[in-house]
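Residue numbers are given in the working numbering: position 319 of the sequence shown equals residue 330, and the series is strictly consecutive.
Below: the structure, in structure tokens.
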Amino acid sequence: MKISKVSQEVNNSANQDREQFSIDVLTGFCSTPKNLSAKYFYDDIGSELFQKITQHEDYYPTRIEFQILEKIKNNIPKIIASKEVDIIELGAGDGHKSQLILDGFLDNGIKVNFYPIDISEKAMHLLEKTIRPHKNLEIHGVVGEYFEGLRFVRGKSSNPELVLFLGSNIGNFDRVQNQGFLRKLWKILDDGDFALVGFDLKKNVDIMIAAYNDSAGYTKAFNLNLLRRINTELGGNFDLEKFEHFGTYNPVKGGMESYLLSTEKQNVYISDLQRSFFFDKMEPLHLEYSFKFLESDIDFLSEQTGFDVIQHFTDDRNYFVDSLWKVKKK
Ligand SMILES: C[S@@+](CC[C@H](N)C(=O)[O-])C[C@H]1O[C@@H](n2cnc3c(N)ncnc32)[C@H](O)[C@@H]1O
12 MKISKVSQEV NNSANQDREQ FSIDVLTGFC STPKNLSAKY FYDDIGSELF QKITQHEDYY
72 PTRIEFQILE KIKNNIPKII ASKEVDIIEL GAGDGHKSQL ILDGFLDNGI KVNFYPIDIS
132 EKAMHLLEKT IRPHKNLEIH GVVGEYFEGL RFVRGKSSNP ELVLFLGSNI GNFDRVQNQG
192 FLRKLWKILD DGDFALVGFD LKKNVDIMIA AYNDSAGYTK AFNLNLLRRI NTELGGNFDL
252 EKFEHFGTYN PVKGGMESYL LSTEKQNVYI SDLQRSFFFD KMEPLHLEYS FKFLESDIDF
312 LSEQTGFDVI QHFTDDRNYF VDSLWKVKKK
């Protein structure tokens, strides 16, 4: 498997990544409430912790999406109906879901060029270990941001393209950003290309709360890892013992929200920024949204962004939907 690092080719230095990280920390910590971009979750430690979260019984989305993909993996090649296909996966993670989709095509004798894209190099190495080689499978992994990766790999052939955006990653964007993201995707793709997008559906609050507060404490460790990153990469002096994880459902916004709460009044110094930040007792640091959807939201999103819904694939309990869309330009 070949792996390209587009962010380094584009930015040409790890220093620029660090500078961007410090700017984002500064901007986030000067906002009210304080916040930090979720894209910084996935360093090597974060990617390994995320893998543990997905394997925990409280975290239903991965388990349920697996069941759906297992059920539909032979349907998708029939719908796309081509002897060769380019599959581009945005935020591929450890590749366990990708393998199911690839199996569907390969078992049906279809040649696949697979382009997993992930901001995390660690995730790409986990994926490399997961995906089984096959004579009809070419893999070219890309370490980089979604769209810089997509632009890098697109149009290498005239095969139909299938973009995978699984795991309800779309739920990390708010309800305005998600339209911007999908419209940008539409713009890059050609008429008749496909996208399979995973959406976590609205459901009983206790089930969602448990998923984002797993009993093993992996989610807590995953969130605290952001503070550890600031300590090691930007010279911060966060005491991780003085923050607690808080994951809750906001029924007005229709999504899960993740926070770290400062358990006492404290000042934290960040040497790269040459300044300290005051955290009041129980002050929240907002880390992530995971918006939840109704099937009508999914129809609305596809309509607004220029895709035709081919089919919503769901599970027995209607917990999750993988929705297959086709790009409509004519
Ligand atoms: C929630 S995980 C989902 C992984 C996998 N798709 C799944 O469904 O299990 C999100 C993945 O997207 C990657 N990611 C997050 N933000 C990204 C970005 N801006 N560009 C590229 N990858 C990103 C992370 O490194 C992580 O592997």
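C-beta atoms are modelled at their ideal positions from N, C-alpha and C, and glycine is treated no differently.
As the structure is a prediction and not an experimental result, all values here were calculated from the model.
DSSP state of Leu175 mapped onto helix, strand, coil: Looking at Leu175 - three-state DSSP - the assignment turns out to be strand.
Extent of the continuous beta strand (DSSP E) to which Asp283 belongs: For Asp283, there is no enclosing beta strand (DSSP E), since its DSSP letter is neither H nor E.
State yes or no: is the C-beta of Gly266 nearer than 7 Å to some heavy atom of ligand 1? It does not: the Cβ of Gly266 is nowhere closer than 7 Å to a heavy atom of ligand 1.
On the criterion of 16 or more Cβ atoms from any shown chain inside 10 Å, does Arg328 qualify as buried, or is it exposed? The residue is exposed, with fewer than 16 neighbouring Cβ atoms inside 10 Å.
Please tell me whether Ser301 and Asp69 are closer than 8 Å, where the distance is taken between their beta carbons. Not closer than 8 Å, so no.
Using a threshold of 7 Å, is the CB atom of Tyr300 nearer than that to any non-hydrogen atom of ligand 1? Closer than 7 Å to some heavy atom of ligand 1: that does not describe the Cβ of Tyr300.
CB-CB length for Ile130 against Glu100, believed under 8 Å: Between Ile130 and Glu100, the beta carbon gap of about 13 Å keeps them out of contact (Cβ cut-off 8 Å).
According to DSSP, residues forming a beta bridge with Lys337: Answer is Phe205, Asp319.
When the Cβ atoms of the stretch 262-271 are set against those of the stretch 229-244, are three or more pairs found closer than 8 Å? Yes: the two stretches touch, three or more of their Cβ pairs being nearer than 8 Å.
For the beta strand (DSSP E) that contains Lys122, what are its first and last residues? Going by DSSP, Lys122 is part of the beta strand (DSSP E) stretching over 122-129.
Expected contact under 8 Å - CB spacing of Ser334 and Val208 to nearest Å: Confirmed, Cβ separation roughly 5 Å.
CB of Thr73 to nearest heavy atom of ligand 1: below 7 Å? Indeed, a heavy atom of ligand 1 lies less than 7 Å from the Cβ.
For Tyr157, is the beta carbon positioned less than 7 Å from some heavy atom of ligand 1? Indeed, a heavy atom of ligand 1 lies less than 7 Å from the Cβ.
Counting only runs that start and end within the stretch 102-166, where is the beta strand (DSSP E) found for 3 or more residues in a row? The qualifying runs are 122-129, 148-154.
How many angstroms separate the CA atom of Asp201 from the CA atom of Val332? Approximately 24 Å between the Cα atoms of the pair.
Give a single yes or no on whether Ile142 has its beta carbon closer than 7 Å to a heavy atom of ligand 1. Not under cutoff, so the answer is no.
Secondary structure at Gly246, three-state DSSP: helix, strand or coil? Secondary structure of Gly246 (DSSP, three-state): coil.
Relative to ligand 1, is the shortest distance from any of its heavy atoms to the C-beta of Thr230 smaller than 7 Å? Thr230: no, Cβ never under 7 Å from ligand 1.
Can you name, in chain order, every residue of its own chain whose Cβ lies under 8 Å from the Cβ of Val21, other than the five neighbours on each side? Confidence at Val21 is low in this model, with a pLDDT of 46, below 50, so the placement of that residue is unreliable and no value is reported for it.
Inspect the beta-carbon positions of Ile79 and Phe290 and report whether they are closer than 8 Å. One thing to note: Ile79 has its Cβ no nearer than 8 Å to the Cβ of Phe290.
Local Cβ density within 10 Å of Thr316, reported as buried at 16 or more and exposed below that: By the neighbour-count definition (other C-beta atoms within 10 Å, threshold 16), Thr316 is a buried residue.
Contact check, Phe257 vs Leu60 under 8 Å by CB: the rounded distance? Cβ-Cβ separation between Phe257 and Leu60: approximately 17 Å, too far for a contact (criterion under 8 Å).
Where does the unbroken beta strand (DSSP E) through Met267 begin, and where does it stop? Where Met267 is concerned, the enclosing beta strand (DSSP E) starts and stops at 266-273.
When you compare the CB positions of Phe192 and Val17, do they come within less than 8 Å of one another, or not? Their beta carbons are not under 8 Å apart, which means Phe192 does not touch Val17 by this criterion.
Run of the alpha helix (DSSP H) containing Glu59, from where it starts to where it stops: Per DSSP, Glu59 belongs to the alpha helix (DSSP H) from 55-66.
Rounding to the nearest angstrom, what Cα-Cα distance links Asn124 and Lys133 in this structure? About 21 Å.
Tell me, please, whether the stretch 305-319 touches the stretch 185-199 by the rule of three or more beta-carbon pairs shorter than 8 Å. Contact between the stretch 305-319 and the stretch 185-199 is established, with three or more Cβ pairs separated by less than 8 Å.
Identify the residues that DSSP records as bridge partners of Gly258: which are they? Ser269.
Using a 10 Å radius around the Cβ and a threshold of 16 neighbouring Cβ atoms, would you call Tyr280 buried or exposed? Exposed, because fewer than 16 other Cβ atoms sit within 10 Å of the Cβ of Tyr280.
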